[in-house]
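Enquirer: As they're listed, the protein sequences go chains A and B. Residue 36 in the UniProt record's numbering sits at position 36 of the first sequence, with consecutive numbering throughout. Residue 39 in the UniProt record's numbering sits at position 39 of the second sequence, with consecutive numbering throughout. In this text, a Cβ means the ideal position worked out from N, Cα and C, and glycines have one as well.
Number of protein chains: 2
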Amino acid sequence: MFKAKIYVTYKPSVLDPKAEVIKTALGRMAYHNVEDVLYGKYFELTLAGSEAEVRKQVDTICDQLLANVNMETYRFELEPMAEVNA
Amino acid sequence: MFKAKIYVTYKPSVLDPKAEVIKTALGRMAYHNVEDVLYGKYFELTLAGSEAEVRKQVDTICDQLLANVNMETYRFELEPMAEVNA
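1. In angstroms, rounded to a whole number, what distance separates the CA positions of A86 of chain B and A67 of chain B?
2. Name the one or two DSSP bridge partners that G27 of chain B has.
3. Which same chain residues end up closer than 6 Å to V58 of chain B when comparing Cβ atoms and leaving out the 5 residues on each side of it in sequence?
4. Tell me the rounded alpha-carbon separation between A19 of chain B and F43 of chain B.
5. When burial is assigned at 16 or more other CB atoms within 10 Å of the CB, is D16 of chain A buried or exposed?
6. Return helix, strand or coil for V14 of chain B, following the three-state DSSP convention.
7. Alpha carbons only, please: which of B:K23, B:M29 and B:V8 is nearest the one belonging to V37 of chain B?
This is how it looks when you write it as structure tokens:
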């Protein structure tokens, strides 16, 4: 059993309107020391299977479902989870 | 200079409709070994200042801007960044 921690963010070349909104808001709140903002999506999936299977599967899930690969890029980490035996 | 990595997720008691949609889609894609899905927001802010200042500030920014604390919970990590001297 693995927990996959998945980060989906816009490619650097793509304008991120939500990040721009946050930058503007931080300016209004007088936080002028914030130099950069990146906005993305974060997913945690819990999956059963071997590490190799799970890694391949998460890659496919990101590619087909969680990220729009035209505009977004993704990365993920797998963490082994303790099995609970009933 | 610090990079703050911020994770905003729904509180466990709050129904997350986007996570439900992803669960349904994974079922349709025949990924029946996915046991749980968590959907959240991920931010990276780059801030100038001392660690104590930045930590306090990021906490306030999460509280006032990035998270709806009625429904969402947040956590963050600070990573020191190499200063670039011109």
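Expert: Looking at the atomic coordinates:
1. Per-residue confidence for A86 of chain B stands at a pLDDT of 49, beneath the threshold of 50, marking its modelled position as unreliable; no derived number is given.
2. In the DSSP output, where bridge partners are listed per residue, G27 of chain B has none listed.
3. The residues are A4 and F76.
4. Spanning the two alpha carbons is a distance of roughly 19 Å.
5. Burial call: buried.
6. Judged by DSSP in its simplified three-state form, V14 of chain B adopts coil rather than helix or strand.
7. For V37 of chain B, the closest alpha carbon among the candidates B:K23, B:M29 and B:V8 is that of B:K23.
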